[in-house]
Structure formats: C-alpha cells, structure tokens
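Trainee: The structure is given below, and queries will be raised subsequently.
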Amino acid sequence: MELSEDDVLHILKLIDESKFDYFQLEVGELKITVSKGDPIPLGNAAQPVAISAAPVAAAPKPAPTPAAAPAAVKPSVIPAGHVAVTAPILGTFYIAPEPGAPPFVQVGQQITEDTTCGLIEVMKVFNSVRSGVKGTVVEVIAPNGGFVEFGQPLIIVKP
Amino acid sequence: MSDLKTESLEKIVRASALDIAQVQETLSANIFGNPLHYFHEINSTNTHLRELAESGAPQGIVVVAETQTQGRGRLGRRWESPGFANLYLSILLRPKLSPAHAAQITLVAAVALADVVDTYVPGRAAIKWPNDILVGGKKLAGILTEASCDAERVHYVILGIGVNLNYPVAAMPDEIRGRATSLIEVTGAAVSRESFLLRLIQGVERCYGELEQAGFDALAPRWESYFAWRGKRVRVELLDQVTTGTAQGIDRDGALIVMDDGGVAQRIVAGDVIPLEN
Chain A
34 MELSEDDVLH ILKLIDESKF DYFQLEVGEL KITVSKGDPI PLGNAAQPVA ISAAPVAAAP
94 KPAPTPAAAP AAVKPSVIPA GHVAVTAPIL GTFYIAPEPG APPFVQVGQQ ITEDTTCGLI
154 EVMKVFNSVR SGVKGTVVEV IAPNGGFVEF GQPLIIVKP
Chain D
10 MSDLKTESLE KIVRASALDI AQVQETLSAN IFGNPLHYFH EINSTNTHLR ELAESGAPQG
70 IVVVAETQTQ GRGRLGRRWE SPGFANLYLS ILLRPKLSPA HAAQITLVAA VALADVVDTY
130 VPGRAAIKWP NDILVGGKKL AGILTEASCD AERVHYVILG IGVNLNYPVA AMPDEIRGRA
190 TSLIEVTGAA VSRESFLLRL IQGVERCYGE LEQAGFDALA PRWESYFAWR GKRVRVELLD
250 QVTTGTAQGI DRDGALIVMD DGGVAQRIVA GDVIPLEN
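Residue numbers (this note's numbering), protein chains in the order written: chain A, 34 to 192; chain D, 10 to 287.
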C-alpha cells in the first residue's frame, strides 16, 4: 500500500481535528510522525529538556511561554532513509548568523557531522546546532526566527 | 610616515595600551586568563576564540583586544569598540552543565560583571534581563554568549564581554549616545583598565566555579539583587505575539517571570523584553 500526498494531507487534517496530541504511522518505508506541541521523539533524540516548569511563588500554575503558541507545529514527515537534525534545546531558531547573511545550510548542500546548520537563541545565548550527520540537505523545516521546542526537527538530511 | 611620527605614535600606543604583562602575571595561578591572548586589534574576540575552541583550546583561555574591527552584539548588531579606552574580552568555558542549563552561565557572568561595576558605583549597578549591565538606566556593559552543543552535551561556551570604561558619552556615535554610558561618565574619573580586567576575570572564574559546584540556586539571589525591572511594567515581543505585564524576577532556570495583565505568570525564555517605565 502506498500513500499519496492527498492521503497524507487528509491524515494530517484528521489528526488536527482529533483529540490526540501525538500520532505515528508506518506504512512500508514511509514513516509519519505528528505532534501537536510536545517534543517529537525522533530517532536518537534524548529525553525532553527540563526547562523547569516549577511553580513560581506568585503563580501556582506557570503558564507556557508566550512562545508556546507560535511553536505550533509544522507536521513533520521524515521520509524513510532520511534523518532529521533536531533542536538540542528550545528557543528561537535562526538559519543565518545574522539578518541578511547567507544561511548556514541550503537545500542540496552537502554537509558533514560538524556542519553548523543553525542557531538557537535562548536567554540571549546563541547555540550553534551541529548536524551530527553527513549527507545532503533535503529540506529546512524550522522557520527562520520561529520558536522551536526541544527535539523538534530543524532540517531533513539524506545520509 | 616619517620615523619621528612613527616613534611618537608608538609612544602613544605604549602609554595607552593595557599593561598586559602585569595582568598575565597576576593571573598566573588562576585557571581563567591562563593563558591570556592579547591583541592591539582583532576582528572580534568571540570569533577568534571560537576558532581556538574548535581546535580544542582548554577552558579558561581568554582573548583580550584593544579594539575590534567587527565587534558585534546580538544578531550581528555592531558593538562600538574604540581603541585603548574600554575592555573587550572573551572567555572560553567547557561546562559540565546540560545544554538546557547552559544559558545560566550568561546570568552568572552578569553577576560577576555587576559585582565589579558595583565596586566603582556602589548601589548603582543593575542587570537588565538576562545579562546587560546598566548604570542610571543606561547600558554600560554587554555580554554576547555563544555556545556549541548537541542534545547530549555542551561542547563549549564563549562569554564575550564588552565594558565601556574610559569612553566619554560625548565621543559615542549618535545612535547609542542616548542609551549608553561608561564608568568615566558616571564616576568622573578614568578607571584603571588593568584593575577592572583582573577583577572581572577573577570574578567570572569564582562565580562560574560556584555554579558548577552548587548550581544556579546559589547565585540566583545575587542576580535578583541587581535586577533592574522588578515590579516594573514590561512588554515582551516574540514573533507576532506581544505580552504586557509586570516583571517579577527569575525562576530557578533563569527564565524571566512576567505577571501578565490577565494575572497569569508567563515564563519568558526568548523574545525582546522592553521596559515600559523607568
């Protein structure tokens, strides 16, 4: 059985309308993983980062960061045989070192394990994200300047 | 240039330059600043130190420059770096902290920097979340922290620090003059740059050691004691979302807590935070 693009879009629509937060489907070599907000447990991603949700004195129930809402989720379809470079921490993702500068990586580019594929800013600390994989960039998923959660796919690489 | 003019210029430079041998000797028993690389001119101390870090340089190595041709702040914003007046330095760290907690280092560096500034202007140093140093509501020093990490560990952290010392406000470019200051401006006297540099490097080493030994909980109250915005109205901007409320302080991770206008505590880790009152 093969899934067409329309099939995938239809599945995503159903998930979006459902009460489920997380969904994974494997059909043959095709693997679809969808999360509505929590980190997507892809591949060898580590445990969720503990930016503490400890209550603050003034408010027993800390609300999510203002960033949480826009973090909403671009569904991630990782084709079989491909690898997602995921966010090692949460924060604001930048595809270039500064506004107007060339991006760290582009679609079609050959990269190595040590290639920097973006920056994630959290509390004014700029973290270079190493790809950790050698291959060809197939897609840059995370939006430049958008908020990413820990474990969220940033780029797709074909090793 | 004639020999006479060259000789005069060299005399002026020698007279104005940091007595780096004195600094190096005093730091010889420390981990931070040992070694200390010194340049009259460099593109950016952070950029140079990142190259050293990628080559395996050890924790504690410091790069100091009299001037930077490409001094930069957040998102490539230019950091004014006039020669022989201020301090521009970068310190390499290889922390044992998890990537999720690496951002605490920048708050800890702010405490060390505020401690030194406060000795010159007692009771007047303040921290703008997370790490700018203010005196009289104007920026006196900034920290640009750059790190390299993966999901499992932090490879290195570079603390880039710029401090306005003997840089009169009248000499600053128009675009920063209204919101920046310097120690000579607020004290009325020139500051020994060697003394400030020594105290800063030793202070960062001490505070960083406390963070590694005892965790951020031990340092958070000191950060809070310098917090400039407690109880003040602020606006938080991230993408197209804007939140206004009252700044409360930081949580155990260093995130800013803002009580929004709906009475809900918001935990801020990213975005621009703008004060709405002095």
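Glycine residues also receive a C-beta, built at the ideal position from the N, C-alpha and C atoms.
(1) Output, in sequence order along the chain, the residues in the segment 144-163 of chain A whose CB is closer than 7 angstroms to any CB in chain D.
(2) The beta strand (DSSP E) that contains D:D183, what's its start and end?
(3) Using the beta-carbon count (16 or more within 10 Å), is D:A229 buried or exposed?
(4) Helix, strand or coil, according to DSSP, for D:D28 in the structure here?
(5) Taking all protein chains shown into account, decide if A:V82 is buried (16 or more other Cβ within 10 angstroms of its Cβ) or exposed.
(6) Give the DSSP-derived three-state secondary structure of D:Q250 in the structure shown.
(7) Mind reading off the beta-carbon distance from D:G212 to D:D124? Whole number of angstroms is fine, and I expect it under 8 angstroms.
(8) Listed from N- to C-terminal order along the chain, which residues in the segment 150-180 of chain D have their beta-carbon within a distance smaller than 7 angstroms of any beta-carbon of chain A?
(9) Leaving out the 5 sequence neighbours to the left and right, which residues in its chain are closer than 6 angstroms to D:Q257 when beta-carbon positions are compared?
(10) Taking only beta-carbon positions, decide if A:I111 is within less than 9 angstroms of chain D.
(11) Kindly say whether A:P135, judged by its beta-carbon, lies nearer than 9 angstroms to any beta-carbon of chain D.
(12) Cβ of D:T115 less than 9 angstroms from any chain A Cβ?
(13) Tell me the DSSP bridge mates of A:L152?
(14) Can you check DSSP and say which residues form a bridge with D:P8?
(15) Taking DSSP as the reference, what is the three-state secondary structure of D:A179?
(16) By Cβ distance below 8 angstroms, which residues in the same chain neighbour D:I193 in space, the five residues on each side in sequence not counted?
(17) Return the CA-CA distance between D:R202 and D:H49, expressed in angstroms with no decimal places.
Mentor: Taking the geometry as given:
(1) E154, V155, M156, K157, V158, F159, N160, S161, R163
(2) Your numbering for residue 183 of chain D matches position 174 in the second sequence. Where D:D183 is concerned, there is no enclosing beta strand (DSSP E), although the alpha helix (DSSP H) around it starts and stops at 183-186.
(3) In the second sequence, residue 229 of chain D corresponds to position 220, counting from 1. When all chains shown are included, D:A229 counts as buried.
(4) The residue given as residue 28 of chain D occupies position 19 in the second sequence. Coil, per DSSP.
(5) As a first step, residue 82 of chain A must be located in the first sequence, where it is residue number 49. Because the pLDDT of A:V82 is 25, which lies under 50, any placement of that residue in the model is unreliable, and the question is left without a value.
(6) By one-based count along the second sequence, residue 250 of chain D stands at place 241. Strand.
(7) On the second sequence, residue 212 of chain D is found 203 positions in, with the first residue counted as 1. On the second sequence, residue 124 of chain D is found 115 positions in, with the first residue counted as 1. Contact holds; Cβ gap of about 5 angstroms.
(8) T154, E155, A156, S157, C158, D159, A160, E161
(9) What you label residue 257 of chain D is simply residue 248 of the second sequence in a count that begins at 1. Closer than 6 angstroms at the Cβ level, and outside the excluded window around D:Q257, lie I266, M268.
(10) For the purposes of this step, residue 111 of chain A is taken as residue 78 along the first sequence, with counting starting at 1. No, no contact with chain D.
(11) In the first sequence, residue 135 of chain A corresponds to position 102, counting from 1. For A:P135, no CB of chain D lies under 9 angstroms from its own CB, so it is not counted at the interface with that chain.
(12) Within the second sequence, the letter at position 106 stands for residue 115 of chain D. Yes, because at least one Cβ of chain A sits closer than 9 angstroms to the Cβ of D:T115.
(13) As a position in the first sequence, residue 152 of chain A is number 119, starting the count at 1. A:L152 pairs with A:Y127, A:S161.
(14) Here chain D comprises residues numbered 10 to 287, so residue 8 of chain D is not present and cannot be evaluated.
(15) What you label residue 179 of chain D is simply residue 170 of the second sequence in a count that begins at 1. In the structure shown, D:A179 sits in a helix (DSSP, three-state: H, G or I).
(16) Along the second sequence, one-based indexing puts residue 193 of chain D at 184. Contacts found: L174, N175, Y176, P177, A199, V200.
(17) Walking along the second sequence from the start, residue 202 of chain D turns up at place 193. Walking along the second sequence from the start, residue 49 of chain D turns up at place 40. The alpha-carbon atoms of D:R202 and D:H49 are separated by roughly 14 angstroms.
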